[in-house]
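Here the sequence shown is numbered in the numbering used here, starting from 22 and rising by one per residue.
For glycine and all other residues, C-beta sits at the position ideal for the given N, C-alpha and C.
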Amino acid sequence: MTYEEEAHFWDTHDITDYEDETEEVEIIFDLKKPREKIVPIRMQAELRDRLDQIARSKGLNLSTLIRMWLMEKLQSPRS
């Protein structure tokens with residue numbers, strides 16, 4: 022069965038009709054806090070707009086671009 026066929030099947034059927042064919046399973050979620058932290062910074066609107074333009078031209082969002090640049094800077098021999 023393809024994904025499309027399966028999607029169509031579940032779009033036209035109800036899971037409760039198949040309860041007797043299911044089995045209970047235990048799912049354990051690891052809800053550790055993310056290792057990332059948000060760092061708000063202030064900058065001039067013109068600088069933010071320029072950074073946003075650069076990010077969009079690279080197909081990135083602003084925070085990803087800035088994070089990449091910071092990582093590159095920290096890995097450079099002069100840092």
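Helix, strand or coil at E184 [DSSP, three-state]: With the chain covering only 22 through 100, there is no way to say anything about residue 184.
Taking Cβ to Cβ, would you say L68 is nearer than 8 Å to K79? no
Contact set for E42: own chain, Cβ-Cβ below 7 Å, skip 5 residues either direction: none
Q74 - containing alpha helix (DSSP H), residue span: 66-78
Can you list, in chain order, the residues of its chain with a C-beta nearer than 7 Å to that of N82? Leave out the 5 residues immediately preceding and following it. A76
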